[in-house]
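*Asks:* Numbering (the working numbering), first residue to last: -10 to 176.
Ideal placement from N, C-alpha and C gives every residue a C-beta, glycine not left out.
Remember, predicted model here, so these are calculated numbers, not experimental data.
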């Protein structure tokens, strides 16, 4: 069972990583996973929270940082060392199939910390801002998805790494949103 799941994961990885290869994706998708590319968005969220929500904005940003910290801690420091799955770009059996679009990195692959962190942040922000701005739901989910998909396309994660990261991140985002809601009556 595990072997057939891993085989499916590798085949799907190759269909995305090699099968969808084109110059536009080669330019766009490495950008989508780059934290500096998204820096203006992060700055906007911080400024918007402070301007629109005043004192409550501090709590929003604080919980956003807690959400990120939990996601990164659980995915990178707890699960990855336990599972110790080699990244596809470091996998010896795939050496002739990998297109090097970004540096590979030496860390483990499962789960994707990018997927975990961005889904956690997206779900938390959806919870906080949905009542005032309904488009945040599809935009937030698409944002987290495109970052996660980019991880596969550039060759640093398998599809299951990003799917599990998305599920883990969603659960973390829901947890921190629930904590935020409990704290909110006191704000």
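Is the segment 37 to 46 close to the segment 65 to 80, with three or more CB pairs under 8 Å?
*Replies:* As far as the Cβ criterion goes, the segment 37 to 46 does not touch the segment 65 to 80, which means the pair count is below three.
*Asks:* Could you check the C-alpha separation between residue 159 and residue 112 for me, to the nearest Å?
*Replies:* Going from the Cα of residue 159 to the Cα of residue 112 covers about 6 Å.
*Asks:* Between the C-alpha atoms of residue 78 and residue 127, what's the straight-line distance to the nearest angstrom?
*Replies:* Going by the C-alpha atoms only, they are around 31 Å apart.
*Asks:* Quick one: measure Cβ to Cβ for residue 131 and residue 166, integer angstroms, because I've assumed they're closer than 8 Å.
*Replies:* At roughly 19 Å, the Cβ-Cβ gap does not stay under 8 Å, so residue 131 and residue 166 are not in contact.
*Asks:* Can you check which of these residues, 120, 6, 95 and 57, is closest to residue 103 by C-alpha distance?
*Replies:* For residue 103, the nearest C-alpha among the options comes from 57.
*Asks:* Whose C-beta lies closer than 8 Å to the C-beta of residue 7 among residues of the same chain, with five residues either side of it excluded?
*Replies:* Closer than 8 Å at the Cβ level, and outside the excluded window around residue 7, lie 86 and 88.
*Asks:* Using a threshold of 8 Å, state whether the C-beta atoms of residue 105 and residue 144 are closer than that.
*Replies:* Not closer than 8 Å, so no.
*Asks:* From residue 114 to residue 29, what distance separates their C-alpha atoms?
*Replies:* Residue 114 and residue 29: Cα-Cα distance of roughly 16 Å.
*Asks:* Looking at residue 100 and residue 150, is the spacing between their C-beta atoms short of 8 Å?
*Replies:* A contact, by the Cβ cut-off of 8 Å.
*Asks:* Taking the Cβ atom as the reference point for each residue, do residue -2 and residue 147 lie within a distance shorter than 8 Å?
*Replies:* Yes; because the gap between Cβ atoms is below 8 Å, this pair is in contact.
*Asks:* Tell me which residue opens and which closes the alpha helix (DSSP H) that residue 2 is part of.
*Replies:* Looking at the DSSP string, the run of the alpha helix (DSSP H) that includes residue 2 is -9 to 6.
*Asks:* Going by other Cβ atoms of all chains shown within 10 Å of its Cβ, with 16 needed for buried, is residue 53 buried or exposed?
*Replies:* Buried, because 16 or more other Cβ atoms sit within 10 Å of the Cβ of residue 53.
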